[in-house]
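S.K.: Can you read through this structure? Questions will come right after.
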Amino acid sequence: MAPKYKLAWWSVAAVLVVLLGGGVWLNKDAGEDRVTTSKLVVGASVFPVADMVKQVGGDLIEVVLVVPPGFSPHAYSLLPSQVAELQSAAVIFSIGQGFDDGVVRPVSDSAGIEIVTLDNGIELRKLGDGFDNYEEGDEAGFGEIDPHYWLDVKNARVMVRVIAEELARIDAGQADKYMENAARYEQRLDELEDELQQQATKLDQPAILTLHDGWGYFARAYGLRVVDTYEPVEGKQPTVEDLRRIKTTIDEYGVKKFYTEPQKSSTAATRFMREEFGLEIGILDPVGGGEGAKSYEELMKKNIEAISK
Ligand SMILES: [Zn+2]
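Structure, rendered in structure tokens:
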């Protein structure tokens, strides 16, 4: 469509936001002494995205998080209340590449809300890259794009730029403010990256084994190598053949620790890795939002610490 159409669309959205904001205000107790201004409502698929959007939007926006902390976007269905909340969103920011598309697309389709993925300008990794005991082509999904790119702070910086430019486009009157917030946040991300790199130099376990193939970007950024994963494909249990290959990899690389994830049930995996293969168990958190990971920055620090132990 021509940009003219888009412009008209956004003005309608802006009016709707004002109306909805006003409606909320009218329902409040008149005696309450608070100033309510209508904010731009913005959707964010998962916690790290929501935090980045909040950092850029500050108090100019209200962020609606789609997948609550503790849930995996691979297996989450929206509640009707969330669909209602998202109706007023001007845009939904998401990771894309098959990670959260299934959750955000139905809302976008039904309410006509634009989805902006944050992978633009990021050097994407392929699934299975770095696993040399895999037979090329023997796993479904092998060789497809790995969507977990936010687990490298350098990529987060790129994502923040995309968010800032998009918010500035939608809410042009506040463009300077969004750009200012983004610049300040980028500076913090640079400091975070320095800190993580410094810790990475002290790591003494370059080869790691994870629950699923979600740590390739993290590993590449911080000098580690994921040599194999328990799940051959996200959400799938390993076959006997897979377990045999994992055992070979553990011996070959001298792997000592297996990393599970808080969003997934991994009782079988941890028991097997501990009891059969004698590995220690650690936790890597790809999404955060819970205890000790209340921001993207905390999440990244928590993960490097989990590796450092
Ligand atoms: Zn994943």
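Counting in my numbering, the sequence shown runs from 843 upward without gaps.
Cβ coordinates follow ideal geometry from the N, Cα and C atoms, glycine included.
#1: Please name the residue, chosen from Phe913, Ile1125, Val949, that lies closest to Glu927 on a Cα-to-Cα basis.
#2: Is it buried or exposed, Val1004, if we count other Cβ atoms within 10 angstroms and call 16 or more buried?
#3: In chain order, which continuous runs of the alpha helix (DSSP H) of length 4 or greater are located wholly inside the stretch 1064 to 1146?
#4: Would Lys896 be called buried (16 or more neighbouring beta carbons within 10 Å of its own) or exposed?
#5: Under a three-way DSSP split, which group does Val866 fall into?
#6: Quick check on the DSSP output: what are the complete alpha helix (DSSP H) runs of length 4 or more inside the stretch 943 to 1008, in order along the chain?
#7: Short check: CB of Ser1137 to CB of Asp901, under 7 Å?
#8: Is any heavy atom of ligand 1 found at a distance shorter than 6 Å from the C-beta of Gly1056?
#9: Sorted by chain position, which residues of the same chain lie with C-beta nearer than 7 Å to Gly985's C-beta, five sequence neighbours on each side aside?
#10: Roughly how many whole angstroms lie between the Cα atoms of Ile987 and Arg999?
#11: When the Cα of Trp1057 is compared with those of Val995, Val1082, Asp1046, Arg1026, which residue comes out closest?
#12: Which whole-angstrom value describes the C-beta separation of Leu1053 and Tyr1101, a residue pair presumed to lie in contact below a C-beta threshold of 8 Å?
#13: What is the rounded straight-line gap between the Cα of Val1096 and the Cα of Leu1051?
#14: For the alpha helix (DSSP H) holding Ala892, just list the boundary residues, first then last.
#15: I'd like to check one pair, Leu960 with Met1021: are the Cβ atoms closer than 7 Å?
#16: Check for me: the beta strand (DSSP E) holding Leu1031 runs from which residue to which?
#17: Going by other Cβ atoms of all chains shown within 10 Å of its Cβ, with 16 needed for buried, is Ala1014 buried or exposed?
#18: Just how far apart, CA to CA, sit Ala1010 and Gly940?
#19: To which residues of the same chain is Ile934 closer than 8 Å at the C-beta, ignoring the five residues directly before and after it?
#20: Buried or exposed: which applies to Ser919, given that a residue is buried once 16 or more other Cβ atoms fall within 10 Å of its Cβ?
#21: In its own chain, which residues sit with a C-beta less than 8 Å from the C-beta of Thr1090, not counting the 5 before and 5 after it?
#22: Determine which residues share a DSSP beta bridge with Gly885 and list them.
#23: If you draw a straight line from the C-alpha of Glu1094 to the C-alpha of Gly1131, how long is it?
#24: Starting from Leu928 and walking both ways along the beta strand (DSSP E), at which residues does that stretch end?
#25: What's the C-alpha gap between Tyr1064 and Gln1039?
M.R.: The relevant details are as follows:
#1: Val949
#2: buried
#3: Inside the stretch 1064 to 1146, DSSP marks whole alpha helix (DSSP H) runs of 4 or more residues at positions 1082 to 1095, 1109 to 1113, from first to last along the chain.
#4: buried
#5: Low per-residue confidence applies at Val866: pLDDT is 39, beneath 50, and the placement is therefore not dependable, though the value from the model is reported in the following sentence. Looking at Val866 - three-state DSSP - the assignment turns out to be helix.
#6: 943 to 953
#7: Taking C-beta atoms as the reference points, Ser1137 and Asp901 fail to come closer than 7 Å.
#8: yes
#9: So the qualifying residues of the chain are Lys968, Leu969, Gly970.
#10: 20 Å
#11: Val995
#12: Between Tyr1101 and Leu1053 the Cβ distance is about 7 Å, and since that is below 8 Å, they are a contact.
#13: The residue asked about is misnamed: residue 1096 is Gly in this sequence, not Val. Approximately 11 Å between the Cα atoms of the pair.
#14: 889 to 899
#15: Taking 7 Å as the Cβ cut-off, Met1021 and Leu960 do not qualify as a contacting pair.
#16: From DSSP, Leu1031 is part of no beta strand (DSSP E) but of the alpha helix (DSSP H) over 1017 to 1042.
#17: exposed
#18: 27 Å
#19: So the qualifying residues of the chain are Val884, Gly885, Ala886, Ser887, Val908, Leu928, Val946, Val949, Ser950, Ile955, Glu956, Ile957, Val958.
#20: Ser919 counts as exposed, since fewer than 16 other C-beta atoms from the protein chains shown sit within 10 angstroms of its C-beta.
#21: Around Thr1090: Asn975.
#22: DSSP output for Gly885 lists Val906, Ile934 as bridge partner(s).
#23: If I take the Cα positions, the gap works out to 36 Å.
#24: Residue range 922 to 928 is occupied by the alpha helix (DSSP H) that includes Leu928, with no beta strand (DSSP E) assigned at that position.
#25: 6 Å
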